[in-house]
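One structure is given here, and the rest of the page talks about it.
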Amino acid sequence: MQRALLRLLRMLPASLLLLSVGFSHGTVAALRPGPSGELPGPGPGPEARLALEMINRYRAAAGLPPVTYDPALGAAAQAHAEYLAANPDQWEPSAHGETPGSPGFTGLRPVDRAAANGYRGGVGEIIHFAGPAEAAVDGWLQTLYHRLPLLSPNTVALGYGVAASADGRYVNVLDYGVVPLSGGRDGGTAPSSPGPSSATAAPGSVAWPHPGQTGVPTHWDGREVPDPFLLHPGVTGPVGYPITLTFPGPVRSLRLTEASLHGPDGAVSVLRFDPVSDDRLTDTVALIPAEPLRPRSRYTVRMQGLVDRGGGPQPFSRSWSFSTGTDSHAPRVRSLTTWMDGIRLEGQGFGSGMAVYAGGLPVQGLQVADDGSATFRLPDRCPGDGTELLVVSPGGSETAVPLAAGCNLRKGADSPYRTVPLQIAGRSLDVPALLAPNGAVLVPEDALAALGAQPEPAGQPASMPGRTYWRLGDRFGAYTPGRVTAWVAGERVRLSLPVQPYDGVVYVDKAFVQRLAGVEIRLVNGVAHVGGH
1 MQRALLRLLR MLPASLLLLS VGFSHGTVAA LRPGPSGELP GPGPGPEARL
51 ALEMINRYRA AAGLPPVTYD PALGAAAQAH AEYLAANPDQ WEPSAHGETP
101 GSPGFTGLRP VDRAAANGYR GGVGEIIHFA GPAEAAVDGW LQTLYHRLPL
151 LSPNTVALGY GVAASADGRY VNVLDYGVVP LSGGRDGGTA PSSPGPSSAT
201 AAPGSVAWPH PGQTGVPTHW DGREVPDPFL LHPGVTGPVG YPITLTFPGP
251 VRSLRLTEAS LHGPDGAVSV LRFDPVSDDR LTDTVALIPA EPLRPRSRYT
301 VRMQGLVDRG GGPQPFSRSW SFSTGTDSHA PRVRSLTTWM DGIRLEGQGF
351 GSGMAVYAGG LPVQGLQVAD DGSATFRLPD RCPGDGTELL VVSPGGSETA
401 VPLAAGCNLR KGADSPYRTV PLQIAGRSLD VPALLAPNGA VLVPEDALAA
451 LGAQPEPAGQ PASMPGRTYW RLGDRFGAYT PGRVTAWVAG ERVRLSLPVQ
501 PYDGVVYVDK AFVQRLAGVE IRLVNGVAHV GGH
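Residue numbering for the sequence shown follows our numbering, beginning at 1 and increasing consecutively.
Next up, the structure:
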């Protein structure tokens, strides 16, 4: 108990803290399985829509059907996010409870808050204390326990809420509805198993990473509440990315008897988890590599054991492979110093494929050394605010670094951009496109409106300040000024240049417009054509 308390205290100041309730899917707080009652809440807000699309994209990759958004669960999750934001002193020891009389109180437990909003099904909850929706979803998927409801065959609905505390820390709350697969909405149909793998007596089991998955993160920092390493004293992280195998319910008993993981250097030491040794699991067995995995490497996992799904214990065996991506550490800059005629950064998460931007443009002469440093020169002419560096890791994670002496477009100097006429379906727009020195084509937001896209109103519940949201038919996208990562239909879109203002107009890389609108943008004879010419 003392060790658990000390570990919890070390984790609390971190930017990422995960808590959970009801992970043993057979014992989640529940009323009677069923749909929402008569008190519907609002539809998904922008961040909730992004989270839903991301989760369903991951579920599809794992061979699972999509979950639906439930307004009652959404209202409960948003209310609890706002409660936690208003009462940060109640974030621990359990952020899932509420205290009567505290500002924003709506119910003691997740199931109480869901019922108060009209939901009549089984309810569980997961919480993330950092960043926007994508950081929360990916953070949950990196863990052992918190990924399980996102990839469970028994999860059928979710609601999502986000709010900011007075000191700017974000609270993400996801409430999920659980219906046992037998007698559920699919009549007991097990999910399919995508990709090449071998399976015996394990039909419908859900593997993550899924068979054939690429770009798998290399490591996990190991910070989660409950603490999975209580079962493995002395382990603190970082460790490798968790590997889980979940069976559709109901599962009466499950035991892992043999397991192995092999990579480019042979056998990998792993930590084993199953319901026999871990009472927080009921339908899942898991392996966690004891050390971070190698980047850009192929690994093969094999799990064997016994599972009882109503007909007595039956042997199962499943083997599959996945490949890691680049080093998945987020960029962290420890120091910034002037270096000869440029700048030197020291930190973590640097490597081949990293990028640095200043004032909307890539820096010049970027060189990355093996000692965790990077050197470069600022652009000669910055059309945007040059008081901030945007550092992007090889894996696509971003961080902004203040720049005391920035680069700006000097008065009278020529702009680094060349304006080009912009036509949509043969009709000219009053606002031009921009051609950047690196060949990128930037398109004004006016083009999105001309294509029929509608901006989502700012400041509504479950939205992120500073982020711009667009909807076009059933397509939904989002981007943040000054950043190169955008999202369309739950999928990450890497932009050639940061979203940026120019001459009073906000411009975005053509990749976002093409993905959202399903059109092609081509530069022909000095004219940018959208949707042909």
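We put the beta carbon where it would ideally sit given N, CA and C, even for glycine.
With a Cβ-Cβ cutoff of 8 Å, do residue i and residue j count as a contact?
i    : j    : result
Y119 : E98  : no
A489 : E53  : yes
L390 : Y417 : no
R471 : Q460 : no
G360 : P289 : no
P44  : R467 : no
P292 : P228 : no
A286 : P242 : yes
A450 : V441 : no
R280 : P233 : no
H210 : A61  : yes
V530 : V420 : no
L158 : L73  : yes
R302 : S205 : no
G161 : G122 : no
A486 : T399 : no
L148 : T246 : yes
R294 : G263 : yes
R377 : G396 : no
V156 : V137 : no
G555 : G311 : Outside the modelled stretch of the chain, which goes from 1 to 533, sits residue 555, for which no answer is possible.
R515 : V493 : yes
V513 : A447 : yes
A86  : G101 : no
R309 : R255 : no
D274 : G249 : no
Is residue i buried or exposed, if buried means 16 or more other CB atoms sit within 10 Å of its CB?
i    : result
K411 : Unreliable positioning characterises K411 in this predicted model, as indicated by a pLDDT of 49, which lies under 50. A coordinate reading is not provided.
S152 : buried
S415 : exposed
E47  : buried
D327 : buried
N438 : exposed
D175 : buried
P444 : buried
S335 : exposed
P93  : exposed
V524 : exposed
E491 : exposed
G107 : buried
Q423 : buried
G22  : Here G22 scores only 34 on pLDDT, less than 50, and its place in the model should not be relied on; the value that follows carries that caveat. By the 10 Å Cβ count, G22 comes out buried.
R298 : exposed
D167 : exposed
G452 : exposed
G187 : Since pLDDT at G187 reaches only 37, below the 50 mark, its modelled position is unreliable, and the value read off the structure follows with that caveat. Exposed, because fewer than 16 other Cβ atoms sit within 10 Å of the Cβ of G187.
P362 : buried
T218 : buried
D278 : buried
Considering residue i, what are the terminal residues of the beta strand (DSSP E) in which it resides?
i    : result
R59  : Element bounds for R59: not the beta strand (DSSP E) but the alpha helix (DSSP H), P46 to A61.
Q90  : Counting along the chain, Q90 falls outside any beta strand (DSSP E), and DSSP gives it neither H nor E.
Q304 : R298 to D308
P418 : The sequence given here has Arg at residue 418, not Pro. Here the beta strand (DSSP E) through R418 covers R418 to V420.
L158 : T155 to A164
T236 : Here T236 belongs to no beta strand (DSSP E), and DSSP marks it neither H nor E.
D175 : Y170 to V178
H128 : G122 to H128
Y145 : Note, Y145: premise wrong, no beta strand (DSSP E); not H, not E.
Q314 : P313 to S323
A478 : R475 to Y479
P402 : E398 to P402
A207 : V206 to W208
T218 : It is not in any beta strand (DSSP E) - T218 carries neither H nor E in the DSSP assignment.
E388 : E388 to V392
Y469 : T468 to L472
Going by DSSP, what residue range makes up the alpha helix (DSSP H) through residue i?
i    : result
D112 : P110 to A116
E98  : Unbroken run through E98: none, as it is neither H nor E.
A133 : A133 to Q142
Three or more C-beta pairs below 8 Å linking the region 112 to 128 and the region 259 to 273: no
Identify every run of the beta strand (DSSP E) within the region 334 to 372, keeping only runs that are complete inside it and at least 3 residues long; order them along the chain. The region 334 to 372 contains these whole beta strand (DSSP E) runs: 342 to 348, 355 to 358 and 364 to 368.
In chain order, which alpha helix (DSSP H) runs of at least 4 residues are fully inside the region 489 to 532? 510 to 517
Quick one: complete beta strand (DSSP E) runs, 3+ long, within the region 429 to 466? 433 to 435 and 441 to 444
With three or more beta-carbon pairs closer than 8 Å as the criterion, would you say the region 391 to 403 touches the region 343 to 351? yes
What runs of the beta strand (DSSP E), each 3 residues or longer, lie entirely inside the region 246 to 286? 253 to 263 and 270 to 273
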